[in-house]
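Line order of the protein sequences matches chains L and B.
All residue numbers for the first sequence refer to this note's numbering, where the first residue is 699 and numbers rise by one.
All residue numbers for the second sequence refer to this note's numbering, where the first residue is 15 and numbers rise by one.
Even for Gly, the Cβ is constructed at its ideal location relative to N, Cα and C.
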Amino acid sequence: MKNLLTSVCLTLSLVSPLALAEQVNLYSARKEALIKPLLDKFTQQTGISVNLVTGKADNLITRLKSEGRFSPADLLLTTDVGRLYRAKQQGLTQVISSSDKADAIPVNFRDTEGHWLGLSLRARPIMIANNRKVDGDVASLEDLATDTWKGRVCIRSSSNIYNQSMVAAMLSQVGEEQTQNWANRFVKNFARPPQGGDRDQIKAVAAGQCDVAIANTYYLAGMLSSEDETQIAQAKAVKVIWPNQADRGSHVNISGVALAKNAPNKAAARKLIDFLLTEESQAWYANTNHEYPVLPNVEWSPLLQSFGQFKAESVVLSQLGELNPLSVRVMDKAGWK
Amino acid sequence: MTKFSRCNPWSLGVGLICLVLIAPIVLIFASLALPQYEVWQHLAETVLADYVTNSLLLAFGVGVLVVLIGGPLAWAVARYEFVGRSHIQWLALLPLAMPAYIIAYCYTGLLDFAGPVQSALRASFGWKYGEYYFPEIRSLSGAVLMLSLVLYPYVYMLAKTAFSELPSSMEETAKSLGCSTSQFIFKLVLPIARPAILMGAALAMMEAFADYGTVQYFGISTFTTGVFRTWFGLGNGIAAAQLAAMLTTFVMLLLILEFYSRRKIKYYSQGQKRGPRPRTQLRGARGILVAGLCLLPIILGFMIPVGQLLYWSIHTYSAQLDAAFVSLVWNSFYLAAITALVVVSLAVLFAYAKRLNTSRGIHAVINTVSLGYALPGTVIAIGAMLILTQLDIYLNDLTEAWFNFTPGLVLSGTLFALVLVYSIRFLAVAMHNLDTGMARVKPSLDEAAKSFGVSAWHIIRTIHIPLLKTSIFSACLLVFVDVLKELPATLILRPFNFNTLAVRTFELASDERLMEAAIPALAIVLVGIVPVVFLSRMTDKQNSR
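Okay, structure coming up:
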């Protein structure tokens, strides 16, 4: 029992924050492997140490909220705009003072009041079988809801935020009625009940279980650059089709950062944001996780270039967060599991 | 006054600890005070029926299957001698070390339409999609199978102890009265072993109710996935808490059922004066057949998934085994060890409180604590977080006003929060083990000791603990392994710069990088094996004494 007490005390003392050196505390929904190398570089360059907790965005937001004014968090990093919006709605963020770098981000990829900004872009196009002849044309999400594609579409569960954001984007651009109609017919075209992640949809297309899938490009890129021959072969069996190029553009989401309202290390946090927007960091996202840089002047990795250029939706991203509950209802009603 | 004087200080203490532990559960039920008609109407019209049926089918499917796997396995190992029995009896525990979501990933990788098995079938027979039948792994029955393959050891462990403690005199008496073997099994053994078997099944079912990782990956809508969807997707935390309360109610019913089915029998072991019957030798083909059947769940629940993990990790191990990885292993190990000690100490305390206290209040409160096992880790974690952060804020406000000093989030921002949540979540596992152990200790022993004027503490130390040693150790083992595998609460409440193997596995797997996830997953399994082997050695020694 004594040993137990000592070890508990030891642990407690180890993790209690030391306020001596300059530091930034980060709540990150971006996985450790996809952010830590950048943070290490930041520490090397500036001497500011970065404390990191990763987790699911919603849980991190709940934590931030319940910790209130004693929260140690400086920055919140998420991988979709819906959560940045939620954090702001709940009054957990504050204005990031503008800098040249932040101002260079296209307007629709940052908050109008400057509470959050995008760090990288994630595109969610259609992927079609490339290893066999596929009947039928597809140029838009709407096409996938026609009878031509009956029993031939693979997509993951509607519990996933990428699908929720995609439908929310549609809601904001074409309205509820049209979106509901689309969803009802789209769900009838599913080749199988939604299951697995995005990579699983790509694999199912490669294996012939379905002819088209919807998935984020970085999963495809991740498979192409994997060390597993099977995955590479599966990824090569599909090709990217950018939907809705003739009208509203293809769906994109952002990963982004917000400054916490009670951030104890504001100055250091701003330094970190600026660092994440340097050309070097932006290129790192593109090369490591194959996300599109948010700054227009940064060059894409060869893999991203191979998927081709595309026109992105110009929807105001904060609306996706606002419309998220409605999008879940629409999908519930359509029977999208 | 009389009522007050009956409350001795330590049962008051037990009550207080219970209160802390059930606070998050109470918080969940408090949500019922704020009805959310509109959201519930939407849920009832669309998805609620799915949540209810799928959760119930999953839990009952798992309950039946774990008994069907664990029961016969325990019987064979406890009563017969056959080739490899001494190894099989501890190998059969190994699937415990395998997190359910990992076995689900492994089998999906193998059996999926695009996986090697089906691809090979298509290649060798020239079939195409839709031209042949192959069971879909990502389905409700698939989830039942996955969970059962890793949860059957609960039944196996408890049933094995019960079977091997049957006194030899019983079978002799039954035989002499003309009982056939099947009569002996169904009329005598099963009724006596029923508490143990049902407890194992109840634990497995609670775990199935709480499962999130597997059902989410398989795309099955259950209460747990529904809680998150309602909370974050629909943005209604209160309705989500109400869903969780509904789930908890199911589990309460389950526990009440289990309790009543057990209450009818009060059977206490008569000690081991004559010892258990020696095991029957099975030779030749019969022995090999039995050994083969016993190996089956071990192969399916452990060897195949481990093989798959090993195969995946061939490509990736060099990039992952660094100093940071060692600290992951260490963090996981000591967190699980500390928690196991805390939880089992609490369980001993509670088991004792229940035994010495006939007041219904204490029993009810203690039983409520064990509901935590069926709640999704996330729900408990968030409940605890809301309470702890509030306490932290009060504390900081106080110290700020008095000493102009803020200690920070000492409760919610440290490992204390994690240990607390694990205690709520896993106390049931430890308590069920101790209850089964306790049931084997005759109350007459207590009475005899009491009549000699021996103190209560002395009774625990010199009579109960030696008799309960096996139960205590198996409780330690189960909690240790459960904490090792635990994911959602760890993810939510861990302090800065603190990662565990489960967190690392999840991060990679949820990013659909299964090959990279294989190494930390294997490490969880390996660290989990250590106490499993240790425990089986110990129970072995005890049984052979």
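Helix, strand or coil at residue i according to DSSP, with G and I counted as helix
i	result
L:Val1013	coil
L:Asn1022	helix
B:Gln286	Only weak support exists for where B:Gln286 lies, its pLDDT of 49 falling under 50; the value from the coordinates is given anyway. In the structure shown, B:Gln286 sits in coil (DSSP, three-state: anything other than H, G, I, E or B).
L:Asn882	helix
B:Leu248	coil
B:Ser69	helix
B:Val61	coil
B:Pro545	helix
B:Tyr226	coil
B:Ser550	helix
B:Pro167	helix
B:Thr175	helix
L:Val713	The pLDDT assigned to L:Val713 is 46, lower than 50, so where the model puts this residue is not dependable, and the model offers no usable value.
L:Val832	coil
L:Ala958	strand
L:Pro770	coil
L:Leu775	strand
B:Thr420	coil
L:Gly1033	coil
L:Trp814	strand
B:Pro181	strand
L:Leu735	Here the sequence assigns Pro to residue 735 of chain L, which means Leu is not the residue at that position. Helix, per DSSP.
L:Pro1000	helix
L:Arg808	strand
L:Tyr916	helix
B:Tyr143	coil
Pairwise C-alpha distance: residue j and residue i
i	j	result
L:Gly849	L:Glu840	15 Å
B:Leu159	B:Val76	7 Å
B:Glu150	B:Ile477	53 Å
L:Ala905	B:Phe148	14 Å
B:Ser524	B:Lys456	50 Å
B:Val241	B:Ala258	6 Å
L:Gly1033	B:Ile234	13 Å
L:Asn995	L:Val805	15 Å
L:Ala913	L:Val748	32 Å
B:Ile560	B:Pro23	Here chain B comprises residues numbered 15 to 559, so residue 560 of chain B is not present and cannot be evaluated.
L:Gln929	L:Ala731	20 Å
B:Val343	B:Val393	26 Å
B:Lys287	B:Ser182	Bear in mind that the predicted position of B:Lys287 carries a pLDDT of just 49, short of 50, making it unreliable; the figure below should be weighed with that in mind. Cα to Cα, B:Lys287 sits roughly 10 Å from B:Ser182.
L:Ala919	B:Leu481	60 Å
B:Gly306	L:Ala933	40 Å
L:Asn698	L:Ala843	Given that chain L is displayed from residue 699 to residue 1035, the structure contains no residue 698 of chain L and the question cannot be resolved.
B:Ala73	B:Ile479	34 Å
B:Val229	L:Asp1030	18 Å
Distance between beta carbons of residue j and residue i, contact taken as under 8 Å
i	j	result
B:Val28	B:Phe246	Actually they do not touch by this definition, with Cβ atoms about 37 Å apart.
B:Leu385	B:Val497	Contact flag wrong, Cβ pair sits at about 18 Å.
L:Thr776	L:Ala727	5 Å
L:Lys1035	L:Ser797	Not quite, the Cβ-Cβ distance comes to about 44 Å (not below 8 Å), so this is no contact.
B:Asn345	B:Asn513	7 Å
L:Ser818	L:Tyr990	7 Å
L:Ala802	L:Ala956	Going by Cβ atoms, the distance from L:Ala802 to L:Ala956 rounds to 18 Å, so no, they are not a contact pair.
B:Pro545	B:Phe466	At roughly 37 Å, the Cβ-Cβ gap does not stay under 8 Å, so B:Pro545 and B:Phe466 are not in contact.
L:Leu724	L:Asp772	7 Å
B:Leu432	B:Leu507	5 Å
B:Ile538	B:Ala503	About 16 Å; that fails the 8 Å criterion.
Residues that DSSP places opposite residue i in a beta bridge
i	result
L:Met825	L:Ala911 and L:Val938
L:Asn951	L:Arg820
L:Asn723	L:Asn749
L:Thr791	L:Ala958
B:Thr294	B:Tyr94
B:Pro149	Bridge partners of B:Pro149: none, in fact.
>> So within the segment 324-397 of chain B, which uninterrupted alpha helix (DSSP H) runs reach at least 4 residues, ignoring any that extend past its ends?
In response: 331-334, 337-370 and 374-383
>> Could you tell me which whole alpha helix (DSSP H) segments of length 4 or greater appear in the segment 432-476 of chain B?
In response: 457-465 and 470-473
>> Just to confirm the assignment: which complete alpha helix (DSSP H) runs, minimum length 4, are found wholly within the segment 834-888 of chain L?
In response: 859-872 and 874-886
> Which ranges would you report for the alpha helix (DSSP H) in the segment 961-985 of chain L if only whole runs of at least 4 residues count?
Replying inline: Restricted to the segment 961-985 of chain L, the alpha helix (DSSP H) segments that are unbroken, complete and at least 4 residues in length are 964-974, listed in chain order.
>> List, from N- to C-terminal side, the alpha helix (DSSP H) runs of 4 residues or more that fit wholly inside the segment 59-135 of chain B.
In response: Fully enclosed alpha helix (DSSP H) runs of 4 or longer: 62-93, 99-105 and 114-125.
>> Runs of 4 residues minimum, wholly inside the segment 488-514 of chain B: which ones carry the alpha helix (DSSP H) assignment?
In response: 502-507
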